[in-house]
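In my numbering, the protein residues as written are 14 to 365. Note that the Cβ used here is the ideal one computed from N, Cα and C, for glycine as well. These figures come from a predicted structure and were not determined experimentally.
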Amino acid sequence: MRYVDLSTGTQYMGNPTMFESVSRYLMTNDQFTDTLFEWSRPLKASVVIGANQNVYSELNLDYIKQNHIQITRRAGGGGAVYVDSGNLTYAFVDTDDGTNYMNFKKYATPIINVLKKLGVNAALTGRNDLTVDGKKFSGMAAFKIGNRFYCGGTLMIDVNLDAADKALNPPKSKLASKGVKSVHSRVTNIRPYFSAKYQDISINDITEMILKEIFKTDTIKEIPTHVMTEIDWQKVNDITGHDYQDETWTMGKRYHDDNFHSNHYEGVGNVEISFSVNDGIVSHAKLFGDFNKANGNLKEIEDKIAGVPFEKDNLEEAFSHTHLADNIGNLTPAQMADLMVNPVYQQKQQEG
């Protein structure tokens, strides 16, 4: 296991996509075959949205534009997060052995252990949230290429919570599943929960504690480390320029369908579908959500239900041929059909 030191890349890390590009580089470069750990602090305020999420339903785009907040989309699943310099972003890069991919508990445990030393009664709740006192301070996500994957998240330490509340606009179904009415009432910084002697601890000192916990050592110098070289950074920059600069990838296409339905499913996450019906037939459908199956083939599902009569039985039959478990998660065809035909799931999208 090695620590990957990103401190040599300050000139690159101002781009909010770079941390994920580093992860993808570490996953795909043949020189890295062991377990790796990396972390960074965002230099600018940005919103990072999950691979399958709908920017137009999840974000307050007017506020984001007015306040010059950057938007980026990760290749991994999960939900939208607001990050700034008060946030710590971390990731493990590992090889899938059949038990560790999507095993959020495994990769959250050393983080939780450190937080408990700091006085925070932290816990992994739901699929991928780290919480304290019923409030979320970290969301985790995973993404796989071949048999290598990354698993990581963010730690809200001194984040501007007011900006986070205004920038994010999660569907009401997601908030309702958490028993809250706003982002602000659901999330928290963790510094207020630190014990008295750690109230003024720096983020860098927190990361040192995390490194010592992960590598089971009392001395940072003993940790096996790969310091990113200029050649490394050039290759990472190539990934960013090739995969993440296209606004179509970041913003996605705006669909002007007649219906936009959303529901939160325990153990899966929020599933959303934008669709239109003409003469009793589904003429178009597009799936979104914060489910962690980022590699799923959503187009297979969308294509199978286009042209199907807008009746629950017909839709259920169509969904039964779409490999829901592989492409979204543990959902039944009946649940997906009900999501479409039941008006209780109707949501309003932003204009503009």
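| Asked | Found |
| --- | --- |
| Please list, in chain order, all residues of the same chain as M14 whose beta carbon is under 8 angstroms from its beta carbon, the five residues on each side excluded. | D47, T48, L49, F50, I227, F228, P237 |
| Buried or exposed for Q24, please, with buried defined as at least 16 other CB atoms from any protein chain shown within 10 angstroms of its CB. | exposed |
| Tell me whether R199 counts as near the ligand FMN, meaning its Cβ is closer than 7 angstroms to at least one heavy atom of that ligand. | Ligands are entirely absent from the displayed structure, and the ligand FMN is therefore not among its contents. |
| Mind checking S215: buried by the 16 CB within 10 Å criterion, or exposed? | exposed |
| Do V127 and I223 come within 8 angstroms of each other at the CB atom, strictly closer than that value? | yes |
| Using beta-carbon positions only, say whether F105 and G166 come within less than 8 angstroms of one another. | no |
| For P29, I'd like the list of residues in its chain whose CB is within less than 6 angstroms of its CB, leaving aside the five on either flank, ordered along the chain. | S59, Q83, T85 |
| Just mark I244 as buried or exposed, buried being the case when its beta carbon has 16 or more other beta carbons within 10 Å. | exposed |
| What residue range is occupied by the uninterrupted beta strand (DSSP E) comprising Y278? | 272–278 |
| Between G63 and D303, which are expected to be in contact by the criterion C-beta below 8 angstroms, what is the C-beta distance as a whole number of angstroms? | 5 angstroms |
| Determine, using beta-carbon pairs with one atom in the stretch 332–345 and one in the stretch 306–316, whether at least three such pairs fall under 8 angstroms. | yes |
| CB-CB under 7 angstroms to N160, same chain, minus the five flanking residues each way: which ones, in chain order? | T108, D109 |
| Is D171 near G99, with beta carbons less than 8 angstroms apart? | yes |
| Taking the beta carbon of A189 as the centre, do at least 16 other beta carbons fall within 10 Å, making it buried, or is it exposed? | At A189, the pLDDT of 45 sits below 50, so the modelled position is not reliable; the number obtained from the coordinates is stated separately. Exposed is the call here. |
| Which residue wins for smallest C-alpha separation from R54, given the options Y358, T232, M349, T220? | T220 |
| Starting from K149, trace the beta strand (DSSP E) in both directions and tell me its first and last residue. | 148–158 |
| In terms of residue numbering, what span does the alpha helix (DSSP H) encompassing M31 cover? | 31–41 |
| Check for me: the alpha helix (DSSP H) holding E285 runs from which residue to which? | From DSSP, E285 is part of no alpha helix (DSSP H) but of the beta strand (DSSP E) over 282–291. |
| Could you please give me the residues that DSSP links to V240 through a beta bridge? | D18 |
| Kindly indicate the opening and closing residues of the beta strand (DSSP E) around M115. | Looking at the DSSP string, M115 is not in any beta strand (DSSP E), and its letter there is neither H nor E. |
| With which residues is G165 paired in a DSSP beta bridge? | A104, A154 |
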